[in-house]
Amino acid sequence: MAEPAPEPPPDASPRKRRVQSVLFMCNYNAVRSVAAEAIARAYFGKSTYVQSAGVRSGEPTDPFMIAALDEVGIDASRHRPRTIEELEDWEGLNFDLIITLAPEAHHRALALTHTLAADVEYWPTPDPTLVQDASREQRLDAYRDVRDGLTRRIKARLKT
């Protein structure tokens with residue numbers, strides 16, 4: 001008879017299992033979730049299945065985010081926004097982890113977990129489209145900040 005595994009010390013945090021598939025969710029799948037998908041694919045696309053979707057439809061992929069990603073060598077120009085329903089119809093929702101980037105998307109993801117066995121994490125991420133009355137460079141800086149923040153979090157969370 002094998003001995004039971006020793007109990008971890010009380011202050012030890014549980015080790016997170018390696019994520020094999022991740023879904024990034026936002027409101028429209030046009031800015032933040034597009035960036036997260038493109039970044040995750042660039043760094044982990046060979047080891048992790050990555051998709052993104054929005055709660056609602058209607059917005060095109062934002063050209064400022066495409067430009068901000070292009071600056072770091074990530075091409076998101078062919079991305080076409082899709083809703084969570086479109087993604088579900090297209091391939092189903094078989095993800096280990098759903099990362100939400102806006103409150104509305106987070107509430108929707110939590111509702112999905114009533115029928116899905118996926119972990120949900122909320123990463124509050126500023127909406128760079130709210131920077132309107134500014135120069136082009138100032139607006140682009142807001143997108144760069146989102147890009148860089150998502151890059152740091154994705155690298156830390158998905159590393160194997």
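Using full-length UniProt numbering, the letters of the sequence shown map in sequence onto residues 1 to 160.
The beta-carbon is built from N, C-alpha and C at its ideal position, and this holds for glycine as well.
It should be emphasised that the depicted structure is a prediction, and the values quoted were computed from it without experimental measurement.
Q. Val19 to Gly58, Cα distance in whole Å?
A. Numbered from its first residue, the sequence shown carries residue 19 at position 19. Numbered from its first residue, the sequence shown carries residue 58 at position 58. Cα-Cα distance, rounded: 30 Å.
(Q) Taking the straight line between their C-alpha atoms, what separation do you get for Gly73 and Arg157? (A) For this step, residue 73 is matched to residue 73 along the sequence shown. For this step, residue 157 is matched to residue 157 along the sequence shown. Answer to the nearest angstrom: the Cα atoms are 21 Å apart.
Q) So, are the CB atoms of Arg56 and Thr125 less than 8 Å apart? A) The residue you call residue 56 lines up with position 56 of the sequence shown. The residue you call residue 125 lines up with position 125 of the sequence shown. Contact flag unset, no.
Q: Pick out whichever of Val34, Ser77 and Ala67 has its Cα sitting closest to the Cα of Asp141.
A: Numbered from its first residue, the sequence shown carries residue 141 at position 141. Of Val34, Ser77 and Ala67, the residue nearest in Cα terms is Ala67.
Q. For Pro128, which of Asp75, Ile39 and Pro63 has the nearest alpha-carbon?
A. Mapped onto the sequence shown, residue 128 falls at position 128. When each option's Cα is compared against that of Pro128, the closest is Pro63.
**Q.** Simplified DSSP state of Gln51, which is helix, strand or coil
**A.** Here residue 51 refers to the residue found at position 51 when the sequence shown is read from its first residue. Strand at Gln51.
Q. Considering only the beta carbon of each residue, do His79 and Thr61 sit closer than 8 Å?
A. Taking the sequence shown and counting its residues from 1, the one referred to as residue 79 is at position 79. Taking the sequence shown and counting its residues from 1, the one referred to as residue 61 is at position 61. The answer is yes: Cβ separation under 8 Å.
Q: With DSSP as the reference, label Arg152 as helix, strand or coil.
A: The count along the sequence shown starts at 1 and reaches residue 152 at position 152. Helix, per DSSP.
Q) Can you tell me where the alpha helix (DSSP H) with Tyr122 in it begins and where it stops? A) Taking the first residue of the sequence shown as position 1, residue 122 is located at position 122. Note, Tyr122: premise wrong, no alpha helix (DSSP H); beta strand (DSSP E) at Asp119 to Tyr122.
Q. Is the beta carbon of Glu37 less than 8 Å from the beta carbon of Ser52?
A. Within the sequence shown, numbered from 1, the residue matching residue 37 stands at position 37. Within the sequence shown, numbered from 1, the residue matching residue 52 stands at position 52. Yes, the Cβ-Cβ distance between Glu37 and Ser52 is below 8 Å.
Q: Assign Ser21 to one of three DSSP states: helix, strand, or coil.
A: Residue numbering aside, residue 21 sits at position 21 when the sequence shown is read from its first letter. Of the three classes helix, strand and coil, the one that applies to Ser21 here is strand, per DSSP.
Q.
So the candidates are Ala42, Leu23, Cys26 and Ala30; which of them puts its Cα closest to the Cα of Lys155?
A. Looking up residue 155 in the sequence shown gives position 155. Taking only the C-alpha atoms, the option nearest Lys155 is Ala42.
Q: Report, in whole angstroms, the separation of the C-beta atoms of Ala102 and Cys26, which I expect to be a contact under 8 Å.
A: Locating residue 102 in the sequence shown gives position 102, counting from the first residue. Locating residue 26 in the sequence shown gives position 26, counting from the first residue. In this structure Ala102 touches Cys26 by the C-beta definition: roughly 5 Å separates them, less than 8 Å.
Q: Consult DSSP for Pro8 and reduce its assignment to one of helix, strand or coil.
A: To locate residue 8, count along the sequence shown from 1; it is residue 8. Any answer about Pro8 is weak, because its pLDDT of 46 lies below 50 and its placement is not dependable; what the coordinates show is given next. Correct three-state label for Pro8: coil.
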